[in-house]
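Peer 1: Take a look at the following structure, please.
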Amino acid sequence: MNASSKKLVAKRRRLLQKLEGLTLLVHGSYLERFSTCSRKGCACHQGKKHGPRGYVVVHREGRQRQVYVPQEQVAVIRKGLRQHQQVLALLREVTDINLKLMRDGLLEESLTVETPGESS
Ligand SMILES: [Zn+2]
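What follows is the structure, encoded as structure tokens:
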């Protein structure tokens, strides 16, 4: 394997290490809406709805689920949603590297190659 291919393998390792740091990851979307409650006689039933309240929307087994986000958790949830975008960017970069290695016939070999700066 030549030097430029080894550099690619080293870059792939760095990208995958970044992935490990994205621990707040939330794969979903965020929405805010107004809602009514179950208390009889509450003003929300006369049009003065509660909110806005935040929800994370996720999909499980073909169904949409909305998970309520308490106000004090909104900032950390938004951070987790941004980390999801970072994960997608990393997946694209690793995919491009692996496809390049495949075209050069080096993908399988890349599993065992030693790269500069590797400690083990
Ligand atoms: Zn109410």
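Residue numbers 167 to 286, in the numbering used here, belong to the letters of the sequence shown in order.
Ideal Cβ placement from N, Cα and C applies to all residues, glycine included.
How is the beta strand (DSSP E) around G217 delimited, first residue to last?
Peer 2: Within the sequence shown, the letter at position 51 stands for residue 217. Residues 216-226.
Peer 1: Mind checking which residues open and close the alpha helix (DSSP H) that includes R179?
Peer 2: Sequence index remark: in the sequence shown, residue 179 carries index 13 (1-based). Segment 169-186, the alpha helix (DSSP H) holding R179.
Peer 1: According to DSSP, what are the bridge partners of L197?
Peer 2: Locating residue 197 in the sequence shown gives position 31, counting from the first residue. In the DSSP output, where bridge partners are listed per residue, L197 has Y221.
Peer 1: Considering only C-alpha positions, which residue in the set L191, Y221, E274, L256 is nearest to L181?
Peer 2: If you number the sequence shown from 1, residue 181 lands on position 15. Considering only alpha carbons, the answer is L256.
Peer 1: Report yes or no: do the region 263-281 and the region 226-240 share at least 3 C-beta pairs separated by less than 8 angstroms?
Peer 2: no
Peer 1: Taking the straight line between their C-alpha atoms, what separation do you get for H211 and Q237?
Peer 2: The residue given as residue 211 occupies position 45 in the sequence shown. The residue given as residue 237 occupies position 71 in the sequence shown. Here the alpha carbons of Q237 and H211 stand approximately 22 angstroms from one another.
Peer 1: Does the distance between the C-beta of R205 and the nearest non-hydrogen atom of ligand 1 fall short of 7 angstroms?
Peer 2: Locating residue 205 in the sequence shown gives position 39, where the first residue counts as 1. Within the cutoff, so yes.
Peer 1: Evaluate the contact criterion for the region 186-198 versus the region 209-223: three or more CB pairs, one atom per stretch, below 8 angstroms.
Peer 2: yes
Peer 1: Is the beta carbon of G246 closer than 8 angstroms to that of L191?
Peer 2: As a first step, residue 191 is located in the sequence shown; it is residue number 25 there, counting from the start. As a first step, residue 246 is located in the sequence shown; it is residue number 80 there, counting from the start. It is a contact, given that the beta carbons lie within the stated cut-off.
Peer 1: Between the Cα of I243 and those of L265, T261, C208, V224, spot the shortest distance and give me the residue it belongs to.
Peer 2: In the sequence shown, residue 243 corresponds to position 77, counting from 1. Minimum Cα distance to I243 is reached at V224.
Peer 1: How is the beta strand (DSSP E) around V279 delimited, first residue to last?
Peer 2: For the purposes of this step, residue 279 is taken as residue 113 along the sequence shown, with counting starting at 1. Looking at the DSSP string, V279 is not in any beta strand (DSSP E), and its letter there is neither H nor E.
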